[in-house]
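Chains A and B supply the protein sequences, listed in that same order. Per this note's numbering, the first sequence runs over residues 1 to 124. Per this note's numbering, the second sequence runs over residues 125 to 248. Worksheet: the structure to be examined is printed underneath.
Protein chains: 2
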Amino acid sequence: MTAQRREVYEVVATSTDHPCAGMVYDRVKDSIPSISLATVYNVLETLSGCGLIKQINVDRDATRYCPNLEDHGHFYCEGCGNVTDVYRQAERALDERWRLPEGSTVTSVDVALKGRCPACASVN
Amino acid sequence: MTAQRREVYEVVATSTDHPCAGMVYDRVKDSIPSISLATVYNVLETLSGCGLIKQINVDRDATRYCPNLEDHGHFYCEGCGNVTDVYRQAERALDERWRLPEGSTVTSVDVALKGRCPACASVN
DNA sequence: TTTTTAATAAGAATTATTCTTGATTAAATG
DNA sequence: CATTTAATCAAGAATAATTCTTATTAAAAA
Numbered sequence: 001m002t003a004q005r006r007e008v009y010e011v012v013a014t015s016t017d018h019p020c021a022g023m024v025y026d027r028v029k030d031s032i033p034s035i036s037l038a039t040v041y042n043v044l045e046t047l048s049g050c051g052l053i054k055q056i057n058v059d060r061d062a063t064r065y066c067p068n069l070e071d072h073g074h075f076y077c078e079g080c081g082n083v084t085d086v087y088r089q090a091e092r093a094l095d096e097r098w099r100l101p102e103g104s105t106v107t108s109v110d111v112a113l114k115g116r117c118p119a120c121a122s123v124n
Numbered sequence: 125m126t127a128q129r130r131e132v133y134e135v136v137a138t139s140t141d142h143p144c145a146g147m148v149y150d151r152v153k154d155s156i157p158s159i160s161l162a163t164v165y166n167v168l169e170t171l172s173g174c175g176l177i178k179q180i181n182v183d184r185d186a187t188r189y190c191p192n193l194e195d196h197g198h199f200y201c202e203g204c205g206n207v208t209d210v211y212r213q214a215e216r217a218l219d220e221r222w223r224l225p226e227g228s229t230v231t232s233v234d235v236a237l238k239g240r241c242p243a244c245a246s247v248n
């Protein structure tokens, strides 16, 4: 655990806006001005590999990072671009939700909802 | 509806492997050798906009295209890279599945499962 | 202390996609 | 039918996120 890793993790953990690599880079530079963008990418990859943070992808936008390790989905607002965490109404096993090919194994389920958040929906 | 549009749509509609733009380009060239990759991108965008095909994204891989307009998710095999359609066990309204912010509107729900298909899971 | 290993910084390289421009084609109008 | 208008297309340059390469630095092991 290096200073760079500690600081990158800290930035993601204390951010509520699901920042992308460039945003993390900008924020980490406040405390480590010499850090390189490539290092931020490396560290984000390492932290994701350890399961300390999660990558979230909406369409082909830049990958964003999420410190919330609970089972949840993401709601992307097409008005303001914000991403918020959303939770299931009821916890249900995967095979109660999806008909999967017999004998397959599943390692992850990503759910991305798109639409307009209350603020943006009310404007128009 | 031009020849290019007809042919691009035909290729996507008759493909079962969820091809990306480059793959569509290669296949369409058989019947329209002069077509350009940019045109394939334009047409795929147009067809997606009309709702005739759907874009599917897994992580930041190249966008793939799906002619299946039913409500379904996608299962990406980390072994062979294939993408297959998966269906819900039961049709349930969105707000029975997710707790959404009061007053929000939802335009799309994308579900991407990752794991190993039966063939790849049995090998290892 | 010396040697080995891993992490970092910097910038070049890659890849999917978009943009720009000029040429063609199709549709609309006189 | 001729002509204007608009949309589409082809080709290649441009862009943006990400990865790769190489040299340097820091940490760990011998």
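Don't be surprised by glycine CBs; every beta carbon is placed ideally from N, CA and C.
Contacting residues, own chain, Cβ-Cβ under 6 Å from residue i (five flanking each side not counted)
i: A/C66; result: H18, K54 and I56
i: B/R151; result: V135
Through-space distance from residue j to residue i, alpha-carbon basis
i: A/G22; j: A/T46; result: 16 Å
i: A/C120; j: B/P225; result: 12 Å
i: A/N68; j: A/E91; result: 17 Å
i: A/E70; j: B/K153; result: 46 Å
Which of helix, strand or coil DSSP assigns to residue i
i: B/Q128; result: helix
i: A/R97; result: helix
i: B/S158; result: coil
Proximal residues to residue i (C-beta, below 7 Å), its chain only, five neighbours per side dropped
i: B/T163; result: Q128
i: B/V167; result: Q128, R129 and V132
C-beta neighbour in chain A for residue i, strict 9 Å
i: B/Y211; result: yes
i: B/D195; result: no
Per-residue burial, residue i [other beta carbons within 10 Å of its own, 16 or more giving buried]
i: B/E131; result: buried
i: B/A186; result: exposed
i: B/S228; result: buried
i: B/V247; result: exposed
Cβ-based neighbour list, residue i, same chain, cut-off 8 Å, excluding 5 preceding and 5 following
i: A/L113; result: G73, H74, F75, Y76 and V86
i: A/T84; result: H74, F75, C77 and C117
i: A/L94; result: L100, V106 and V109
C-beta neighbour in chain B for residue i, strict 9 Å
i: A/G103; result: yes
i: A/R64; result: no
i: A/L37; result: no
i: A/L113; result: yes
i: A/C117; result: yes
i: A/L44; result: no
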